[in-house]
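Residue numbers (the numbering used here), protein chains in the order written: chain Y, 3 to 461; chain C, 3 to 461.
Have a look at the structure below, then the notes.
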């Protein structure tokens with residue numbers, strides 16, 4: 003065992019108790035809202051067969067999948083030519099059968115196909131698990147991070163889309179965010195625009211260009227469209243949509259008047275209107291939802307609604323997104339199953355909450371009471387008290403040895419423990435214990451019997 | 003995208019909603035007890051640097067670590083000779099810098115050393131995360147499984163040992179187990195026995211042999227001891243300890259009378275007595291704890307107490323174990339830090355609970371109410387009701403489309419949803435909705451206003 007200065011792989015993180023508590027506050031909120039809306043949790047293994055993942059994320063994505071070396075004498079199965087040519091790409095599938103999951107979507111599709119005969123459709127599942135990507139690490143981008151996904155498969159109803167918008171609202175509101183916008187669009191609107199130019203087959207090119215509007219501006223989008231075979235005449239038709247302002251009903255009116263010639267476009271409008279009707283019957287605050295025709299989201303499997311949510315208080319990119327896809331499980335041989343889903347970006351939500359100071363104070367998260375260890379007698383005296391408080395679900399610790407009181411108080415302070423109980427010889431004789439409130443510094447006398455009430459009244 | 007029949011790597015598992023709910027019932031119970039005893043959660047990355055893990059689990063363990071292939075053109079750094087010799091073992095560190103964690107103990111030691119200046123000692127941490135081992139999969143043994151560890155480092159106090167015994171009791175009792183035994187021993191007792199034979203240096207050989215008593219019987223242990231250099235005379239001295247019966251105090255008395263000549267042995271007795279004193283002051287049910295001198299646990303880093311817990315109702319091996327170690331962080335250059343910890347085997351606890359039917363019924367775990375979707379009008383009527391119930395934390399779903407009622411009831415049944423609400427034209431007119439209890443089959447009329455009370459009275 004050589005001694006070494008320990009480190010962790012770049013792009014990965016250790017989470018201290020304080021950070022775990024904050025992250026769990028986010029995850030628990032997301033889970034409890036998913037639960038209230040009837041979603042059920044599933045979990046899939048961290049490792050998938052490599053061929054389950056390969057080819058699902060594009061060439062670039064394939065390179066970012068972490069592959070797991072086969073066990074044992076893995077080189078015995080490697081091709082002689084591959085080794086001699088030092089061809090890493092070709093060797094990989096020969097020495098690595100497994101890989102770490104890259105997202106939760108493909109494992110979910112794999113799960114649905116494998117378990118289709120046990121599943122009752124519509125299947126409403128959620129999944130909160132880490133994923134791994136060999137991306138270049140940078141600020142806010144990690145090689146291991148959690149995804150929080152919810153999907154409904156096997157239901158065409160637009161009620162699902164409306165409920166996902168409610169879920170975004172409830173999760174973020176519960177976490178304390180006030181200013182945020184849930185943007186909605188529909189791929190059929192983008193198809194409608196492509197149809198207006200007479201180039202419906204270029205819908206994905208149009209989508210990918212519009213998706214970059216934030217980054218490269220209207221001029222950049224125009225240039226990209228020209229390079230993809232759209233004409234200046236086409237761009238004159240497209241431009242008004244990109245700059246469209248007004249309320250949601252005003253935007254819908256404009257779209258209706260423009261899409262007379264596009265059946266797909268009209269279908270997209272109808273779907274959006276249905277979602278807005280649901281939201282109004284749900285008494286959803288309409289100001290939170292904004293129809294945004296430039297919302298494209300690059301993923302090519304979306305076919306209907308597209309959703310995205312952003313904070314308006316902190317510039318941070320999207321806090322979550324999703325949409326409807328009509329053929330997610332086709333890649334595993336089960337076609338015709340429609341689905342719609344959303345995802346939360348827990349790391350970004352964490353950063354927004356830190357910046358807005360929305361987390362509960364650290365003192366609310368851990369041990370409530372430290373009992374000091376004065377001497378052997380006081381220690382034994384304390385044990386029954388520990389049991390009583392824990393039986394009432396109070397998180398309480400006895401300092402494990404009779405070191406100087408100052409050191410014990412320092413421990414309570416560092417751990418953000420809000421109360422300290424002192425049991426010295428005098429306290430034991432009178433039965434009047436000394437309770438110190440660490441925040442106010444106040445001390446009071448209290449009997450053991452009265453102690454549990456301090457903590458039941460706390461919240 | 004080739005279509006393929008999907009599968010998952012052998013030794014890994016998908017967890018369905020029902021199983022996730024049951025597993026979370028176990029994990030949440032463990033976490034809540036850890037919390038009450040003042041433990042704080044940390045999380046470490048799934049991937050560690052390979053050299054953090056190598057050499058910590060013995061030669062066999064090193065082979066069972068899953069290594070992660072470097073990204074990019076990993077062969078460019080591989081040695082020419084290694085490739086030509088097809089030497090898998092030698093090539094591994096040249097093409098894999100990272101690996102999946104094999105347990106939570108080594109990453110915890112790494113964490114303590116890396117973060118020693120932020121940590122306030124004694125550091126009481128718990129960690130519930132998956133680990134990965136390339137073991138041959140078999141019944142009850144998986145390649146991905148969760149460990150649930152709690153440790154205290156930086157405190158010599160035997161109060162910690164006593165509290166870990168309480169934690170075993172509280173977790174298993176809360177989960178509904180009734181007949182279980184927490185066995186305790188002390189490595190110093192094993193040292194004492196080795197000293198009595200005049201071969202203190204053979205303590206680990208003795209420990210490893212005794213550890214196999216369950217598997218190979220007393221005869222087998224004797225054979226192994228002979229092969230390790232103990233004499234038949236030694237074995238005559240050792241044997242009485244292996245067959246020792248009686249109550250805990252009777253066993254302690256026997257040990258005391260035997261260990262007059264062994265300082266280490268006497269120290270072990272003293273430590274055990276201190277733990278028993280704490281337990282009695284905690285009002286712990288003494289029958290649960292059994293001093294077992296044959297409890298050895300093979301791990302060579304234990305130096306003091308050894309703990310293990312087993313069900314007496316279901317034959318299943320140990321449900322958890324642990325002990326005190328005096329130099330866990332020495333491997334990373336920080337010596338002199340003592341610690342004590344325990345672990346729960348969640349998969350085995352799951353199997354015991356299944357066999358004893360201790361899990362809450364599935365109907366208690368998911369959606370409480372399904373509102374049927376009768377027609378467009380009924381659907382819109384239901385939306386406000388959905389909101390009201392969810393605002394009261396009731397998990398409720400509206401079936402997303404107006405398919406045949408029979409299909410909707412089938413859905414509720416398959417999902418174990420205990421109540422179904424019917425909103426047809428008559429119900430909307432009178433405001434008297436129809437609520438069906440799916441278990442009893444009874445139907446009653448109920449107003450929307452009275453509905454939330456059904457679910458608040460439920461538990």
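Using N, Cα and C, we set each Cβ at its ideal position, and we do this for glycine too.
Within 10 angstroms of its Cβ, does residue 13 (chain C) collect 16 or more other Cβ (buried), or is it exposed? Along the second chain, read from residue 1 onward, the residue named residue 13 (chain C) stands at position 11. When all chains shown are included, residue 13 (chain C) counts as buried.
What's the C-alpha gap between residue 202 (chain C) and residue 264 (chain C)? Locating residue 202 (chain C) in the second chain gives position 200, counting from the first residue. Locating residue 264 (chain C) in the second chain gives position 262, counting from the first residue. Distance between residue 202 (chain C) and residue 264 (chain C), taken at the CA atoms: about 10 Å.
So if I threshold CB-CB distances at 9 Å, which residues from the stretch 123–143 of chain Y count as touching chain C? 123, 124, 126, 127, 132, 134 and 136
State buried or exposed for residue 9 (chain Y), treating a residue as buried only when at least 16 other CB atoms are found within 10 Å of its CB. On the first chain, position 7 is the one that residue 9 (chain Y) refers to. Taking a 10 Å sphere around the C-beta of residue 9 (chain Y), we find fewer than 16 other C-beta atoms and assign the residue as exposed.
What did DSSP end up calling residue 7 (chain Y) once you bin it into helix, strand or coil? Working through the first chain from its first residue, we reach residue 7 (chain Y) at position 5. Here residue 7 (chain Y) sits in coil by DSSP.
Quick one: give me the first and last residue of the beta strand (DSSP E) that residue 153 (chain C) is part of. In the second chain, counting from the first residue as 1, residue 153 (chain C) sits at position 151. Counting along the chain, the beta strand (DSSP E) containing residue 153 (chain C) begins and ends at 146–155.
In three-state terms, what does DSSP make of residue 461 (chain Y)? On the first chain, position 459 is the one that residue 461 (chain Y) refers to. Residue placement at residue 461 (chain Y) cannot be trusted, given a pLDDT of 48 that sits under 50; what the coordinates show is reported in the next sentence. Of the three classes helix, strand and coil, the one that applies to residue 461 (chain Y) here is coil, per DSSP.
Span separating the alpha-carbon of residue 461 (chain C) from that of residue 423 (chain C): The sequence position of residue 461 (chain C) within the second chain is 459, counting from 1. The sequence position of residue 423 (chain C) within the second chain is 421, counting from 1. Note on residue 461 (chain C): pLDDT 48, under 50, position unreliable in the model; the coordinate value appears next. Computed Cα separation, rounded: 19 Å.
Would you say residue 306 (chain Y) and residue 393 (chain Y) are within 8 Å of each other, going by their C-beta atoms? Taking the first chain and counting its residues from 1, the one referred to as residue 306 (chain Y) is at position 304. Taking the first chain and counting its residues from 1, the one referred to as residue 393 (chain Y) is at position 391. One thing to note: residue 306 (chain Y) has its Cβ no nearer than 8 Å to the Cβ of residue 393 (chain Y).
Looking only at DSSP bridge pairs, what is residue 446 (chain Y) linked to? Indexing the first chain from 1 puts residue 446 (chain Y) at position 444. In the DSSP output, where bridge partners are listed per residue, residue 446 (chain Y) has Y:437.
Could you check whether the Cβ of residue 236 (chain Y) sits closer than 7 Å to any heavy atom belonging to the ligand HEM? With respect to the ligand HEM, the structure offers nothing, as it holds no ligand at all.
Start and end of the beta strand (DSSP E) containing residue 101 (chain C)? Counting from one through the second chain, the residue named residue 101 (chain C) turns up at place 99. Residues 100–102.
Any C-beta of chain Y under 8 Å from that of residue 174 (chain C): Position 172 of the second chain, counted from the first residue, corresponds to residue 174 (chain C). No, no contact with chain Y.
Using a C-beta cutoff of 8 Å, does residue 345 (chain Y) count as contacting chain C? Taking the first residue of the first chain as position 1, residue 345 (chain Y) is located at position 343. Not closer than 8 Å to any Cβ of chain C, the Cβ of residue 345 (chain Y) fails to qualify, so no.
Are the C-beta of residue 285 (chain C) and some C-beta of chain Y separated by less than 8 Å? Taking the second chain and counting its residues from 1, the one referred to as residue 285 (chain C) is at position 283. Interface residue, yes.
Check whether the Cβ atoms of residue 389 (chain Y) and residue 250 (chain C) sit closer than 8 Å, and answer yes or no. Translated into positions along the first chain, residue 389 (chain Y) becomes position 387. Translated into positions along the second chain, residue 250 (chain C) becomes position 248. Result no, Cβ atoms of residue 389 (chain Y) and residue 250 (chain C) do not sit closer than 8 Å.
8 Å is my cut-off, CB to CB: does residue 303 (chain C) come that close to chain Y? Translated into the one-based positions of the second chain, residue 303 (chain C) becomes position 301. Not one chain Y Cβ lies under 8 Å of residue 303 (chain C).
Give the interface partners of residue 93 (chain Y) over in chain C, defined as CB-CB distance under 7 Å, in chain order. Counting from 1 along the first chain, the entry for residue 93 (chain Y) is found at position 91. Ordered by position in chain C, the residues that pass the 7 Å Cβ test against residue 93 (chain Y) are 77.
Using a Cβ-Cβ cut-off of less than 7 Å, give me the residues of the stretch 417–451 of chain C that come near chain Y, in sequence order. 417
Assuming residue 90 (chain C) and residue 75 (chain Y) are in contact, meaning their beta carbons sit under 8 Å apart, how far apart are those beta carbons, in whole angstroms? Numbered from its first residue, the second chain carries residue 90 (chain C) at position 88. Numbered from its first residue, the first chain carries residue 75 (chain Y) at position 73. Right, their Cβ atoms sit about 5 Å apart.
Going by DSSP, what residues sit across from residue 345 (chain Y) in a beta bridge? Stepping through the first chain from its first residue, residue 345 (chain Y) is reached at position 343. Per DSSP, Y:151 and Y:323.
Give the C-beta separation of residue 38 (chain Y) and residue 395 (chain C) to the nearest angstrom, bearing in mind that I take them to be a contact with Cβ-Cβ under 8 Å. Within the first chain, numbered from 1, the residue matching residue 38 (chain Y) stands at position 36. Within the second chain, numbered from 1, the residue matching residue 395 (chain C) stands at position 393. Residue 38 (chain Y) to residue 395 (chain C), Cβ: 7 Å. Contact.
Have a look at residue 3 (chain Y) and residue 258 (chain C) and give me their C-alpha separation to the nearest angstrom. For this step, residue 3 (chain Y) is matched to residue 1 along the first chain. For this step, residue 258 (chain C) is matched to residue 256 along the second chain. Only weak support exists for where residue 3 (chain Y) lies, its pLDDT of 46 falling under 50; the coordinates are left without a value.
DSSP state of residue 396 (chain C) mapped onto helix, strand, coil: If you number the second chain from 1, residue 396 (chain C) lands on position 394. Residue state, collapsed to three classes: coil.
Tell me whether the beta-carbon of residue 134 (chain C) lies closer than 8 Å to the beta-carbon of residue 145 (chain C). In the second chain, the residue the question calls residue 134 (chain C) occupies position 132. In the second chain, the residue the question calls residue 145 (chain C) occupies position 143. Yes, the pair counts as a contact, with Cβ atoms nearer than the cut-off.
For residue 303 (chain Y) and residue 63 (chain Y), I'd like the C-alpha separation in whole angstroms. In the first chain, residue 303 (chain Y) corresponds to position 301, counting from 1. In the first chain, residue 63 (chain Y) corresponds to position 61, counting from 1. Going by the C-alpha atoms only, they are around 15 Å apart.
What number of angstroms, rounded off, separates the C-alpha of residue 363 (chain Y) from the C-alpha of residue 448 (chain C)? Along the first chain, read from residue 1 onward, the residue named residue 363 (chain Y) stands at position 361. Along the second chain, read from residue 1 onward, the residue named residue 448 (chain C) stands at position 446. Taking the straight line joining both Cα atoms gives about 43 Å.
Below 8 Å CB to CB, which residues in the same chain sit around residue 410 (chain Y) once its five sequence neighbours on both sides are set aside? Position 408 of the first chain holds residue 410 (chain Y). Excluding residues within five positions, the ones whose Cβ falls inside 8 Å are 372, 374, 375, 401 and 422.
Residue 152 (chain Y): which of Y:219, Y:127, Y:140 and Y:59 sits nearest, CA to CA? Here residue 152 (chain Y) refers to the residue found at position 150 when the first chain is read from its first residue. The shortest C-alpha separation from residue 152 (chain Y) is found at Y:127.
Starting from the Cα of residue 248 (chain C), find the closest Cα among C:366, C:291, C:226 and C:279 and give me that residue. Sequence index remark: in the second chain, residue 248 (chain C) carries index 246 (1-based). Comparing Cα positions, the closest option is C:291.
With a cut-off of 8 Å, does the C-beta of residue 369 (chain Y) fall near any C-beta of chain C? Taking the first residue of the first chain as 1, we reach residue 369 (chain Y) at position 367. Yes, residue 369 (chain Y) lies at the interface with chain C (some Cβ there is under 8 Å from its Cβ).
Just the C-alpha distance for residue 384 (chain Y) and residue 345 (chain C), rounded to the nearest angstrom, thanks. Numbered from 1 along the first chain, position 382 holds the residue referred to as residue 384 (chain Y). Numbered from 1 along the second chain, position 343 holds the residue referred to as residue 345 (chain C). When rounded, the distance between both Cα atoms is 26 Å.
If you follow the alpha helix (DSSP H) that residue 129 (chain C) is part of, which residue opens it and which one closes it? Numbered from its first residue, the second chain carries residue 129 (chain C) at position 127. Looking at the DSSP string, residue 129 (chain C) is not in any alpha helix (DSSP H); the run it does join, the beta strand (DSSP E), is 125–134.
Taking residue 70 (chain C) as the query, report the chain Y residues whose CB atoms sit under 8 Å from its CB, ordered along the chain. Residue mapping note: residue 70 (chain C) aligns to position 68 of the second chain, counting from 1. Under the 8 Å cutoff, chain Y gives 68, 69, 70, 71 and 102.
Considering only their Cβ atoms, is the gap separating residue 104 (chain C) from residue 130 (chain C) smaller than 8 Å? Residue 130 (chain C) sits at position 128 when you count from the first residue of the second chain. Residue 104 (chain C) sits at position 102 when you count from the first residue of the second chain. Going by C-beta atoms, residue 130 (chain C) is not nearer than 8 Å to residue 104 (chain C).
Quick check: is the beta carbon of residue 85 (chain Y) nearer than 8 Å to any beta carbon in chain C? The count along the first chain starts at 1 and reaches residue 85 (chain Y) at position 83. By this cut-off, residue 85 (chain Y) is an interface position.
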